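Residue numbers (our numbering): 17 to 679. All C-beta atoms in this analysis are idealised placements derived from N, C-alpha and C, irrespective of residue type, glycine included. On a predicted model such as this, the values are computed, not experimentally measured, just so you know. Take a look at the structure set out below.
This is the structure we're talking about:
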């Protein structure tokens, strides 16, 4: 052991944290600086406090179920409880999860785990983290629709959990608190706090059933129109009679909200910019009530639908917020009862659903994918049939491909359903049905069984060539997928790829993403065949074109730059390989961040090529800093950390000190 390391003692008086007792070690061991804590941390969007929020004497336990009908204020109570604990410093981790489906819960947990670790993590990692941390935490599961969605996903008993739901199933855990409408005293006091002293406030509150949501909308309307409570009550009574058929007996809350909504949206629509508020609310009512990105409402599809510019759309959202029809913050939130009343009044549901779907597709590439998946799920529930008016809407393909970034099982299940639905609704030889079939083959069997996948691709290719034509983009995509399956099965496919490339250039153009991908495939098979000279020449030209067409910040460009650096290293040009990776790392750190898995992969490759070039000391130094960063983010026992540690010990055994070389 080097002389500059302190002697080892088995006395740990006053020590906290992880302790390692080690027998014999070859080379240095370095325990980097303790990982900077990500806490305190808030994950998810806590709904903002409602205007004129009124505190209610509802004691919320550490494991609480807030149960009640829609519109009674369950979410507001949970949000106020979360804020009070956070502001008092009683919790260091606050996770707000919109729990309307199992997928939404899994996504929310995974998002929290990722923010805690700094790298992509799954829901199980989050639950494990909650069970092992000594830090105080609160998880809010808002608007649980089905108790079965929480099977295996209940947070451990070591922290606080609040659940809001309309359900009273025995399987729901926690102290049950029934949240009802306001008391007459609270309702009258609430209205008076909004509109000022009014002798008829108590009468109006009673007519509205003391429902907090209806009271909020009525108060905002009265205040904005400078009415008395009696004047509002007259308008409300007229509107409710118009909305209800004589023999109709709807839920009291639904009827009340429908009438207050009708008055408020009429007023919002009359404000400048005129005629914008109602169609905006139509779009919002087709999407996730718990959070719609503002970008959706300023997307080209929505702006064309409204006939206004982005500033007018934002002003329209402000009008809705002003009348308590939506809550405007980082995202747009709209109560489910308001959504239902709005959907009941849709004049053209097909257009609303398709515009909302177009908007989600447009914002998806740069958006928060978990939030967008929740919105796609809500849109499908609100108007799935309208997504099939002109074939399968591209949103469903976009959603399914994005599901593939989570688990193979879920994406296979998704495309099995989508493929079956396409065939049933559109016919087995419709272009969308064929595309769904191809994506199902790709996600189900391409990697584990390339031979079986190739057989399925051949059958699909025959149909696509006949129905769509040999130059169709989907036909060419299937053709390339078939060729690469053959390559994975160790067939010689260089000639087939070159023929495909020529057809793609003719049909799609030299700069089409599929054309560039085929050139990358050619470099891959040439490398696999050992023809490094030609593979390098192909990769060099491809990187130049990727930089020109896609730019240096594009992820596929970065992957191709790494492949080129590796090819140069394999061909013996080690100095250039090291220089290429160092330049690539500068862009990766800038675009992806220092702790992104792809950045780490490039750093690992840098260590490899430094070692191959004979610079063992610098390789060990780079490996040491990589190990420190991985331990900081992933923890000492992660498999990736073990691999990097093995590399570091190997390098130090070869004489590398693991300390940076002076420059």
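Less than 8 Å separating the beta-carbons of residue 349 and residue 63? Closer than 8 Å, so yes.
Name the two residues that bound the continuous beta strand (DSSP E) containing residue 153. Looking at the DSSP string, the run of the beta strand (DSSP E) that includes residue 153 is 153-160.
Quick test of your reading: residue 452 and residue 461, contact by CB under 8 Å. State the CB separation rounded to the nearest angstrom. Contact doesn't hold; Cβ gap of about 15 Å is too wide.
Inter-residue spacing [alpha-carbon to alpha-carbon] between residue 253 and residue 203: Going from the Cα of residue 253 to the Cα of residue 203 covers about 19 Å.
Which ranges would you report for the alpha helix (DSSP H) in the region 291-355 if only whole runs of at least 4 residues count? Counting only unbroken stretches of 4 or more residues, the alpha helix (DSSP H) elements lying wholly within the region 291-355 are 293-300, 310-313, 316-322, 326-338, in sequence order.
So what does DSSP say about residue 121, is it helix, strand or coil? Residue 121 sits in a helix when the DSSP states are folded into three classes.
Starting from the N-terminal side, write out each stretch of the alpha helix (DSSP H) that is 4 residues or longer and does not extend beyond the region 548-635. Restricted to the region 548-635, the alpha helix (DSSP H) segments that are unbroken, complete and at least 4 residues in length are 548-565, 571-586, 590-607, 613-628, listed in chain order.
So, residue 547 versus residue 577, is the Cβ gap smaller than 8 Å? Their beta carbons are not under 8 Å apart, which means residue 547 does not touch residue 577 by this criterion.
Which first and last residues belong to the alpha helix (DSSP H) in which residue 83 is found? Careful: residue 83 lies outside any alpha helix (DSSP H), inside the beta strand (DSSP E) at 79-83.
Who are the near neighbours of residue 130 in its chain, counting only those whose CB is closer than 7 Å to its CB and skipping five residues on each side? Within its own chain, the residues whose Cβ lies closer than 7 Å to the Cβ of residue 130, once the five positions on either side in sequence are excluded, are 136, 137, listed in chain order.
Hey, how far is the Cα of residue 366 from the Cα of residue 404? Looking at the two C-alpha atoms, the distance is approximately 10 Å.
Specify the secondary structure class of residue 114 as computed by DSSP and reduced to three states. Annotated three-state conformation of residue 114 is strand, per DSSP.
Spatial neighbours of residue 619 within its chain, please: C-beta separation below 7 Å, excluding the five flanking residues on both sides. The beta carbon of residue 619 lies closer than 7 Å to those of 601, 638, 642 in the same chain, with the five residues before and after it left out.
DSSP three-state label for residue 29, please. Note that residue 29 scores a pLDDT of 41, beneath 50, so its modelled location is shaky; the value from the coordinates is reported in the next line. Note: residue 29 maps to coil in three-state DSSP.
I need the DSSP call for residue 76, collapsed to helix, strand or coil. In the structure shown, residue 76 sits in coil (DSSP, three-state: anything other than H, G, I, E or B).
Helix, strand or coil for residue 399? Go by DSSP, reduced to three states. DSSP places residue 399 in helix when its eight states are reduced to three.
Helix, strand or coil for residue 147? Go by DSSP, reduced to three states. Note: residue 147 maps to helix in three-state DSSP.
Exposure of residue 288, with buried meaning 16 or more beta-carbon neighbours within 10 Å: Counting Cβ neighbours within 10 Å, residue 288 comes out exposed, since fewer than 16 surround it.
Pull up the distance between the alpha-carbon of residue 636 and that of residue 665, whole angstroms please. Put simply, the backbone Cα of residue 636 is about 9 Å away from that of residue 665.
In this structure, does DSSP put residue 169 in helix, strand or coil? Coil.
Taking Cβ positions, are residue 455 and residue 408 nearer each other than 8 Å? Judged by beta-carbon spacing, residue 408 lies beyond the 8 Å limit of residue 455, meaning their Cβ atoms are not closer than that value.
What is the DSSP secondary structure of residue 193, counted as helix, strand or coil? Three-state result, residue 193: strand.
Where the alpha helix (DSSP H) through residue 199 begins and ends: DSSP places residue 199 in no alpha helix (DSSP H); its state is neither H nor E.
Three or more beta-carbon pairs under 8 Å between the region 70-80 and the region 340-356, yes or no? The region 70-80 vs the region 340-356: no contact.
Separation of residue 315 from residue 710, as counted between CA atoms: The shown model of the chain, from 17 to 679, leaves out residue 710, and the question about it has no answer.
Opposing strand residues paired with residue 407 [DSSP bridges]: The partner list for residue 407 (beta bridge, DSSP) reads 405.
Tell me the DSSP bridge mates of residue 279? Answer is none; residue 279 lacks a bridge partner.
Residue 723 to residue 379 span [Cα, whole Å]: Only positions 17 to 679 of the chain appear in the structure, and residue 723 is not among them; the question remains open.
Identify whether residue 384 lies in helix, strand or coil by the three-state DSSP scheme. Coil, per DSSP.
Taking residue 165 as the reference, which of 104, 113, 194, 338 has the closest Cα? When each option's Cα is compared against that of residue 165, the closest is 113.
If you follow the beta strand (DSSP E) that residue 368 is part of, which residue opens it and which one closes it? It is not in any beta strand (DSSP E) - residue 368 instead sits in the alpha helix (DSSP H) that spans 365-379.
DSSP puts residue 178 in a beta bridge; with which residues? In the DSSP assignment, residue 178 is bridged to 80, 156.
For residue 659, does the count of other Cβ atoms within 10 angstroms reach 16, so buried, or fall short, so exposed? Classification for residue 659: exposed.
Paired residues, beta bridge with residue 59 - DSSP: For residue 59, which the question treats as bridged, DSSP gives the partners 111.
My assumption, with CB atoms under 8 Å, is that residue 171 sits in contact with residue 143. Please give the rounded CB distance. Right, the Cβ-Cβ distance comes to about 7 Å (below 8 Å), so this counts as a contact.
Neighbourhood of residue 608 by C-beta distance below 7 Å, restricted to the same chain and skipping five residues each side: So the qualifying residues of the chain are 614, 615.
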